[in-house]
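Peer 1:
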Amino acid sequence: MKKLINDVDAILGESLAGFARAHGDLVSLSQAPLFVRRRAVTPAGQVALISGGGSGHEPLHAGFVGRGMLHAACPGQVFTSPTPDQMLAAAEAVDSGAGVLFIVKNYEGDVMNFEMAAEMAPCATARVLTNDDVAVENSSYTTGRRGVAGTVVVEKMLGAAAETGMDLATLQALGERVNGATRSMGCALTSCTVPAAGGPTFEIGEAEMEMGVGIHGEPGRRRVALASASAIVEEMMGAILADLGAAKGEDVLLLVNGFGATPLMELYLVYDEAARRVEAAGLTVARSLVGNWCTSLDMAGCSLTVTRLDAETTGLWDAPVHTPALRWGC
Amino acid sequence: MSNTLVLRLIEGMAGTIESHADQLTRLDQAIGDGDHGINMARGFKELAAQKAAIAALPLGEALKKAGMTLVMKVGGASGPLYGTLFIDMGKATPEAAPTLADLSVMLDAGIRGVKARGKAEVGMKTMLDVLCPVADTLRSLVDQNETDGLDERIIAAAGHALHRTTDMVAKRGRASFLGERSKGHLDPGACSSALLIGAVVGVLAPSSAR
Chain A
7 MKKLINDVDA ILGESLAGFA RAHGDLVSLS QAPLFVRRRA VTPAGQVALI
57 SGGGSGHEPL HAGFVGRGML HAACPGQVFT SPTPDQMLAA AEAVDSGAGV
107 LFIVKNYEGD VMNFEMAAEM APCATARVLT NDDVAVENSS YTTGRRGVAG
157 TVVVEKMLGA AAETGMDLAT LQALGERVNG ATRSMGCALT SCTVPAAGGP
207 TFEIGEAEME MGVGIHGEPG RRRVALASAS AIVEEMMGAI LADLGAAKGE
257 DVLLLVNGFG ATPLMELYLV YDEAARRVEA AGLTVARSLV GNWCTSLDMA
307 GCSLTVTRLD AETTGLWDAP VHTPALRWGC
Chain B
33 MSNTLVLRLI EGMAGTIESH ADQLTRLDQA IGDGDHGINM ARGFKELAAQ
83 KAAIAALPLG EALKKAGMTL VMKVGGASGP LYGTLFIDMG KATPEAAPTL
133 ADLSVMLDAG IRGVKARGKA EVGMKTMLDV LCPVADTLRS LVDQNETDGL
183 DERIIAAAGH ALHRTTDMVA KRGRASFLGE RSKGHLDPGA CSSALLIGAV
233 VGVLAPSSAR
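If you're matching them up, the sequences are chains A and B in order.
Note that the working numbering has the first sequence beginning at 7, numbered continuously upward.
Note that the working numbering has the second sequence beginning at 33, numbered continuously upward.
#1: With A:Ala79 as the anchor, note down where its beta strand (DSSP E) starts and where it stops.
#2: B:Val201: which of B:Ile63, B:Arg149, B:Val235, B:Leu135 sits nearest, CA to CA?
#3: Helix, strand or coil: which one does DSSP assign to A:Asp116?
#4: In angstroms with no decimal places, state the Cα-to-Cα distance between A:Ser146 and B:Leu37.
#5: Take A:Glu318 and list the residues in its own chain whose beta-carbon comes closer than 7 Å to its own, dropping the five residues that flank it on each side.
#6: Alpha carbon to alpha carbon, how far is B:Gly69 from B:Gln55?
#7: Using a C-beta to C-beta distance shorter than 7 Å, which residues of chain B count as neighbours of A:Ser87?
#8: To the nearest angstrom, report how far apart A:Thr290 and A:Gly51 are at their CA atoms.
#9: Can you find the residues in the same chain that come closer than 6 Å, C-beta to C-beta, to A:Ala132, ignoring five residues on each side of it along the sequence?
#10: Can you pull the chain B residues whose beta carbon is under 7 Å from the beta carbon of A:Met122, in chain order?
#11: Between the alpha carbons of B:Arg242 and B:Gly230, how many angstroms are there, rounded?
#12: According to the neighbour-count rule (16 or more other Cβ atoms, all chains shown, within 10 Å of its Cβ), is A:Asn298 buried or exposed?
#13: Does DSSP put A:Leu332 in a helix, a strand or coil?
#14: What distance in whole Å lies between the Cβ atoms of A:Gly115 and A:Gln92, which are believed to be in contact at a cut-off of 8 Å?
#15: For B:Lys151, does the count of other Cβ atoms within 10 angstroms reach 16, so buried, or fall short, so exposed?
#16: Measure the C-alpha to C-alpha separation of B:Glu212 and A:Ala46 and round it to an integer number of angstroms.
#17: By the criterion of Cβ-Cβ separation under 7 Å, what are the contact partners of A:Met242 in chain B?
#18: For A:Ala187 and A:Gly288, I'd like the C-alpha separation in whole angstroms.
#19: Rounded to whole angstroms, what is the Cα-Cα separation between B:Gly181 and B:Leu210?
#20: Would you list the one or two residues that DSSP bridges to B:Val233?
#21: Can you give me the C-alpha to C-alpha distance between B:Asn177 and B:Ala190, rounded to a whole angstrom?
#22: Between the segment 50 to 76 of chain B and chain A, which residues of the former have CB atoms less than 9 Å from a CB of the latter, in chain order?
#23: Could you tell me which of B:Ala133, B:Phe118, B:Gly92, B:Asp67 sits nearest to A:Phe85, measuring between CA atoms?
#24: Please state the DSSP three-state secondary structure of A:Asn12.
#25: At 4 residues or longer, what runs of the alpha helix (DSSP H) sit wholly inside the segment 111 to 196 of chain B?
#26: A:Ala253 to A:His328, Cα distance in whole Å?
#27: What in chain A is Cβ-close to B:Arg40, meaning under 7 Å?
#28: Do the segment 305 to 316 of chain A and the segment 262 to 279 of chain A make contact, defined as three or more Cβ pairs closer than 8 Å?
#29: Would you give the residue range spanned by the alpha helix (DSSP H) that B:Glu50 belongs to?
#30: Which residues does DSSP list as the beta-bridge partners of A:Leu261?
#31: Check whether chain A comes within 8 Å of B:Gly205, counting only Cβ atoms and requiring the distance to be less than that.
#32: Please list the partners that B:Arg149 has in chain A, where partner means a Cβ-to-Cβ separation under 9 Å.
#33: Which residues, taken in chain order from the segment 73 to 86 of chain A, show a beta carbon closer than 8 Å to some beta carbon of chain B?
#34: In three-state DSSP terms, what is A:Ala267?
#35: List, in order along the chain, the chain B residues whose C-beta lies closer than 9 Å to that of A:His222?
#36: Could you check whether the Cβ of A:Glu98 sits closer than 8 Å to any Cβ belonging to chain B?
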């Protein structure tokens with residue numbers, strides 16, 4: 007393992023200290039319980055958006071704390087859910103009286119910890135669960151689909167809506183609508199290495215890839231021989247569009263997300279392949295985003311996300327945002 | 033239940049989890065995300081650190097505080113699940129010193145909480161696959177008033193139940209993504225439950241301690 011670290015056990019605290027120092031104009035950090043919040047106080051009447059999850063997906067979620075997006079984020083240990091005390095402290099810090107909306111990726115640990123926080127919270131709470139990954143099939147016998155990079159789209163659009171003064175129930179319904187209009191799928195070329203583990207999460211040969219990989223390096227659909235970018239995008243976009251159910255002529259947002267160790271040069275190449283396939287399916291790529299947004303530490307590979315847009319959600323995407331990781335319109 | 037007994041229960045559970053943490057982590061590396069022993073050890077270490085304050089409370093309150101400590105320190109899915117088990121057992125605890133029949137009712141209440149929290153049932157390769165057979169054994173022995181050798185029969189029920197998880201296909205937790213590939217491995221959560229039951233029985237009935 008070659009990493010820029012001092013002490014494996016201190017990584018999270020030291021990294022967040024640097025994050026808070028670098029972006030001190032936007033966010034502040036609470037060390038115990040651990041959470042990141044906007045420096046600005048939540049205006050009266052505005053619902054506060056709080057997300058959180060295991061660390062290792064940076065910039066998700068703390069990088070999206072700021073105007074037009076999240077009010078607070080609760081980082082857990084690497085790939086481990088945060089605990090309810092963090093969520094309660096964050097809620098207390100950013101609730102304006104209008105309530106708190108938890109944005110939770112669909113993993114059992116995250117779901118249960120946010121559920122316990124909601125039961126104990128002194129303020130009104132609601133929850134939006136993201137489960138955009140089409141790689142793992144839904145089934146009543148398993149946990150269901152995983153929440154992956156589509157969470158960024160949900161956080162951006164809900165953040166913009168919260169700024170307009172939208173109430174908690176309406177925000178929750180909007181979040182469910184955006185999540186329902188979003189599909190993702192990923193592919194890994196290498197494993198990630200969890201610092202505390204000290205070695206790769208999974209073994210993968212030079213000439214292999216994991217199609218449908220999750221954002222913790224967990225298995226996807228199948229292990230296959232490495233293919234061209236064109237063939238990889240063909241399979242991922244095929245699965246996404248088949249599940250999305252968009253009608254010809256619809257506008258969509260296309261997000262290409264790097265997993266942490268894939269250069270932008272490759273991500274843009276992938277974007278080109280992906281956009282051509284979206285358009286060949288009769289859809290219009292009305293908005294796009296390319297970069298590393300929901301990573302898996304140092305894993306190589308990428309995911310594609312497509313969200314169906316309407317006038318309202320397009321406006322919410324375009325609305326001003328100013329966070330450490332995402333900024334436009336202001 | 034006396035103050036000293038609660039102290040010894042906490043010490044027994046914390047000691048068992050600490051000495052088996054590596055085993056739990058190895059089991060979790062095979063079919064989960066490889067942190068069960070680390071997370072459980074962190075939580076029970078905190079429980080041990082607070083044992084004096086917890087043991088000073090009435091049993092019901094002590095169970096609730098122990099559960100809340102686990103929720104805040106264990107993390108992952110195990111924190112809310114073990115936390116709920118203890119908290120809901122605490123809510124079902126009578127004010128008077130509990131009888132075996134009371135213990136059976138308390139365990140059943142804790143298990144109902146775990147099922148609701150994890151949206152799980154028996155047979156999904158989880159901690160419930162040890163907790164439920166143990167609760168069933170306890171309930172039937174209490175109902176039939178057969179309390180001779182109860183401790184050994186509880187330990188045996190936990191051991192048999194644990195080994196039955198090897199052939200199960202996981203339907204909850206990270207292991208569920210593996211589907212059929214989760215077969216052939218003991219469930220880490222079932223294993224920590226069996227260890228905790230062994231520790232509790234070891235304190236309450238030292239003659240049967242393994």
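Built from N, CA and C at the ideal position, the CB exists for glycine as well.
Peer 2: Result, derived from the coordinates:
#1: DSSP places A:Ala79 inside the beta strand (DSSP E), whose first and last residues are 78 to 84.
#2: Selected option, being the one with the closest Cα: B:Ile63.
#3: For A:Asp116, the secondary structure class from DSSP, reduced to helix, strand or coil, is helix.
#4: Note on A:Ser146: pLDDT 49, under 50, position unreliable in the model; the coordinate value appears next. For the pair A:Ser146 and B:Leu37, the Cα-to-Cα distance works out to about 43 Å.
#5: So the list is empty, once near-sequence residues are dropped.
#6: Here the alpha carbon of B:Gly69 sits roughly 7 Å from the alpha carbon of B:Gln55.
#7: At a beta-carbon threshold of 7 Å, the residues of chain B lying near A:Ser87 are Gly107, Gly108, ordered along the chain.
#8: Distance between the alpha carbons of A:Thr290 and A:Gly51 is about 36 Å.
#9: Taking A:Ala132 as the centre and dropping the five residues before and after it, the same chain places the C-beta of Leu107, Leu174, Gln178 closer than 6 Å to its C-beta, in chain order.
#10: Within 7 Å Cβ-Cβ: Val103, Pro112.
#11: Residue placement at B:Arg242 is poorly supported in this model, since its pLDDT is 45, which falls under 50; the coordinates are not used for a value here.
#12: Per the 10 Å Cβ criterion, buried.
#13: It is coil, neither helix nor strand.
#14: In this structure A:Gln92 is not in contact with A:Gly115, their Cβ atoms being roughly 13 Å apart against a cut-off of 8 Å.
#15: Per the 10 Å Cβ criterion, exposed.
#16: Rounded to the nearest angstrom, the two C-alpha atoms are 50 Å apart.
#17: By Cβ distance, chain B contributes nothing, its closest Cβ being about 18 Å from A:Met242, past 7 Å.
#18: Going by C-alpha positions, A:Ala187 is about 17 Å away from A:Gly288.
#19: Whole-angstrom Cα-Cα distance: 40 Å.
#20: Partner(s): none; B:Val233 has no beta bridge.
#21: Between the alpha carbons of B:Asn177 and B:Ala190 lies a distance of about 20 Å.
#22: Answer set for the segment 50 to 76 of chain B: Gln61, Asp65, Gly66, Asp67, Ile70, Asn71.
#23: When each option's Cα is compared against that of A:Phe85, the closest is B:Asp67.
#24: Looking at A:Asn12 - three-state DSSP - the assignment turns out to be coil, as it is neither helix nor strand.
#25: Within the segment 111 to 196 of chain B, the alpha helix (DSSP H) runs of at least 4 residues that lie entirely inside it are, in chain order, 132 to 150, 160 to 175, 182 to 196.
#26: Going by C-alpha positions, A:Ala253 is about 33 Å away from A:His328.
#27: Within chain A, no residue comes near B:Arg40; the closest Cβ sits about 27 Å away, beyond 7 Å.
#28: The answer is yes - the segment 262 to 279 of chain A touches the segment 305 to 316 of chain A, with three or more Cβ pairs under 8 Å.
#29: It spans 35 to 63 - the alpha helix (DSSP H) in which B:Glu50 sits, taken as one unbroken run.
#30: DSSP, once it has assigned bridges, lists A:Leu295, A:Thr311 as partnering A:Leu261.
#31: Cβ-Cβ to chain A under 8 Å: yes for B:Gly205.
#32: The answer, in chain order, is Met118, Glu121, Met122.
#33: Answer set for the segment 73 to 86 of chain A: Gly82, Gln83, Phe85, Thr86.
#34: Assigned with DSSP and collapsed to three states, A:Ala267 falls in coil, not helix or strand.
#35: Per Cβ cutoff of 9 Å: Asp65, Arg206.
#36: A:Glu98 does not count as touching chain B.
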